[in-house]
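From first to last, the protein sequence lines are chains A and B. Okay, so the first sequence: first residue is 467 according to this note's numbering, each after it adds one. Okay, so the second sequence: first residue is 8 according to this note's numbering, each after it adds one.
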Amino acid sequence: MEFTLKTFIFYGFALMTVSSALLVVTVRNIVHAAFSLMVTLFGIAGLYVFLQADFLAATQVIVYVGGILVLILFGVMMTSGRLEMPSQVKSHIERGQLLLGGAVALALFMLLLTVIANTPAWKNRIDDGTALPPTTERIGELILNGPFLLPFEVVSVLLLVALIGAALISRKEVRD
Amino acid sequence: MTLQHYLVISAILFTLGIFAVLTRRNAISILMGIELILNSCNLNFAAFSRFVTPPADISGQIIAIFGIVLAAAEAAVFLAIILAIYREFGSIRPNEVDTLKG
């Protein structure tokens, strides 16, 4: 593969995504972790642009960065009794948990890498650089006038259920 | 860029999410791990839609959009439950929420 500006930017986005995701799972301060998550989500939106999924990239930025991340920050602020754990609580149990969790995650990663490297149908799928037409119009056509109409309606009902459920669960209980 | 570039990035994100879910002691950090996992799934859908199916077929991208919607609903309910737990127990560390423990 020749090393063009495009591959340089791609690796920049990939590095940004992976390194900030690493920060999300290692940093002790939860607010710092939330802001690292923001960088990760932006990096994934950049990767969507490389996949020529323009509508998906915009949705990622609007819903994740503008919605879910703000929700997470509100959650942090409302439950900020103890942002960080006191260091003397770090017992041998927690160290064992770190060790075991790391081992499980590493084994899973090795399994995934093996599958990715050995699946014949996934080999030599190279991005030939042909520009596809914008996807927004086709997505609208498929969702509102095509095979995805039923899932779209079901998801809208699910969002309503989640909205009512979240309001019901998080309100203060009225005792009589 | 090949398909495998995207799959490896997605595998790294998935593994880090699993690691966060297994080791973090704070419910909100666990939520962040779940978000990483869901994002890696969506990235896989978009990558397969680009490389494996014919270029005119964008069903994978639509599935990824549905995945984003589900993640939003999940995050809202998750945080509502966290707020209720915090009000009840004064803590959101999962191992201190043990009323049902015998």
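Heads up, the beta-carbon is just placed ideally off N, CA and C, and yes, glycines get one too. Quick caveat, the model's predicted, so the values are computed rather than measured.
| query | result |
| --- | --- |
| How about residue 513 (chain A): is its Cβ closer than 7 Å to a heavy atom in the ligand FAD? | With respect to the ligand FAD, the structure shown offers nothing to examine, as it has no ligands at all. |
| Can you check whether the CB of residue 500 (chain A) is closer than 8 Å to the CB of residue 529 (chain A)? | no |
| Would you give the residue range spanned by the alpha helix (DSSP H) that residue 526 (chain A) belongs to? | From DSSP, residue 526 (chain A) is part of no alpha helix (DSSP H); its letter is neither H nor E. |
| Roughly how many angstroms lie between the CA atoms of residue 58 (chain B) and residue 596 (chain A), to the nearest whole one? | 12 Å |
| Hey, does residue 42 (chain B) have any beta-carbon neighbour from chain A nearer than 8 Å? | yes |
| What did DSSP end up calling residue 99 (chain B) once you bin it into helix, strand or coil? | coil |
| Helix, strand or coil, according to DSSP, for residue 596 (chain A) in the structure here? | coil |
| Buried or exposed for residue 569 (chain A), going by 16 or more other Cβ atoms inside 10 Å? | exposed |
| Where are the alpha helix (DSSP H) runs, 4 residues long or more, that stay fully inside the segment 43 to 67 of chain B, in chain order? | none |
| What's the call for residue 12 (chain B), buried or exposed, on a 16-neighbour Cβ count within 10 Å? | buried |
| Does DSSP classify residue 9 (chain B) as helix, strand or coil? | strand |
| Rounded to a whole number of angstroms, what is the C-alpha to C-alpha distance between residue 62 (chain B) and residue 601 (chain A)? | 11 Å |
| Going by other Cβ atoms of all chains shown within 10 Å of its Cβ, with 16 needed for buried, is residue 8 (chain B) buried or exposed? | buried |
| Taking CB distances under 8 Å as the criterion, tell me whether residue 60 (chain B) reaches chain A. | no |
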